[in-house]
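Residue numbers (this note's numbering): 4 to 292.
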């Protein structure tokens, strides 16, 4: 028997999303049924300037193949965290959607090929994926960005985009929750090359963090979070080695680029996402709903 669902609102800085997009994906998570236990996430972002309500609805048990975290608008309609949560908040501040809370190892990600792109745990050969050790920072994506797999970046060894939204590594002190949306400011960018694909890592900090006012560019990170940039690079360089894969590589001199460069990456990948949504480039198996 299905359990009664109680959904709590998530308030965060946003403007109303536009252009609702409807497109059926190749497959949908058919394993989710009315007989599954429904659980709901409860949190409130304390830093709202323009208020819009989104809700997160958790279906299935965590760490199972059926587990999904869906996003709903204030009217209870499903929306996509990738497509419908706005990117820009003004003054170089952006929305950041948490997929993997710090100090956890389940490899959670937005399901880019499922309707409404819920968050789920990644799989390989039908088995749930975990990092070999905990990730030490909040990790997730910038909505309304896309790394175009047909675009060869001449500044990063001609590597092609990885066909995903842009990743964010948030270095604040607080452990966030799956599906939480934080206001962040970018500080730096790492150009990771994963099996020949360009996989940007934007280093950012939540505006709610006590030290947020102290860091505004890459050099500030080293001053107030000493060793963090090196630790992030090394973590992403080495995390596949325990599975017998080679270390990941990094472009741009193997160093973190500046805030301005990070903003450039965000701008370019937002433009790529806009082309994707206009069907100016092939979407393949990606869901645009």
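We put the CB at the ideal spot given by N, CA and C, even for glycine.
By alpha-carbon positions, which one of the options ends up nearest to residue i?
i: residue 167; options: 134, 81 and 86; result: 86
i: residue 171; options: 178, 203, 198 and 196; result: 203
i: residue 138; options: 234, 229 and 292; result: 234
i: residue 129; options: 69, 79 and 100; result: 69
i: residue 64; options: 272, 227 and 122; result: 122
i: residue 159; options: 269, 147, 205 and 252; result: 252
i: residue 239; options: 216, 198, 223 and 269; result: 198
i: residue 280; options: 217, 71 and 292; result: 292
i: residue 301; options: 106, 97, 134 and 108; result: Only positions 4 to 292 of the chain appear in the structure, and residue 301 is not among them; the question remains open.
i: residue 104; options: 124, 241 and 225; result: 124
i: residue 206; options: 264, 57 and 74; result: 264
i: residue 107; options: 179, 88 and 92; result: 179
i: residue 80; options: 237, 96 and 56; result: 56
i: residue 177; options: 98, 226 and 215; result: 215
i: residue 270; options: 97, 71, 72 and 88; result: 97
i: residue 196; options: 101, 131 and 254; result: 254
i: residue 147; options: 99, 132 and 131; result: 99
Here's the rule: buried if 16 or more other CB atoms are within 10 angstroms of the residue's CB, otherwise exposed. What is residue i?
i: residue 157; result: exposed
i: residue 2; result: Within the shown structure, residues of the chain are numbered from 4 to 292, placing residue 2 beyond reach of any answer.
i: residue 1; result: The structure shown does not extend to residue 1, since the chain is modelled only from 4 through 292, so no value can be given for it.
i: residue 136; result: exposed
i: residue 118; result: buried
i: residue 250; result: exposed
i: residue 173; result: buried
i: residue 126; result: exposed
i: residue 66; result: exposed
i: residue 90; result: buried
i: residue 161; result: exposed
i: residue 217; result: exposed
i: residue 274; result: exposed
i: residue 285; result: exposed
i: residue 34; result: Reliability of the predicted coordinates at residue 34 is poor, the pLDDT of 40 falling under 50, and no value is obtained from them.
i: residue 60; result: buried
i: residue 182; result: buried
i: residue 84; result: buried
i: residue 282; result: exposed
i: residue 58; result: buried
Please go through the same chain and pick out, in chain order, the residues whose beta-carbon is closer than 8 angstroms to the beta-carbon of residue i, but skip the five residues on each side of it.
i: residue 152; result: 163, 164, 165, 166 and 200
i: residue 246; result: 135
i: residue 101; result: 141, 142, 143, 173, 179, 180, 181, 182, 183, 184 and 185
For residue i, I'd like the list of residues in its chain whose CB is within less than 6 angstroms of its CB, leaving aside the five on either flank, ordered along the chain.
i: residue 154; result: 164
i: residue 175; result: 208, 209 and 212
i: residue 268; result: 192 and 203
i: residue 82; result: 74 and 76
Per DSSP, which residues does residue i bridge with? Please list them.
i: residue 76; result: 57
i: residue 253; result: 195
i: residue 124; result: 111
i: residue 189; result: 207
i: residue 91; result: 97
i: residue 200; result: 163 and 197
i: residue 259; result: Paired residue(s): none; residue 259 is not in a bridge.
i: residue 170; result: 144 and 204
i: residue 103; result: 142
i: residue 155; result: 163
i: residue 82; result: 74
i: residue 133; result: 109
Near residue i, which residues of its chain fall below 7 angstroms by C-beta distance, leaving aside the five closest residues on each side in sequence?
i: residue 94; result: none
i: residue 231; result: 174 and 224
i: residue 149; result: 168, 272, 275, 276 and 279
i: residue 241; result: 250
i: residue 266; result: 95 and 189
Decide yes or no for the touch test of the stretch 258–278 against the stretch 190–197: beta carbon pairs closer than 8 angstroms, at least 3 of them.
Segment contact: the stretch 258–278 against the stretch 190–197, three or more CB-CB distances shorter than 8 angstroms; contact assigned.
Within the chosen definition, does the stretch 176–188 reach the stretch 211–221 through at least 3 CB pairs nearer than 8 angstroms?
The stretch 176–188 vs the stretch 211–221: in contact.
Does the stretch 137–150 come into contact with the stretch 103–122, if we say contact requires no fewer than three beta-carbon pairs (one atom in each stretch) closer than 8 angstroms?
Contact between the stretch 137–150 and the stretch 103–122 is present, because at least three Cβ pairs lie under 8 angstroms.
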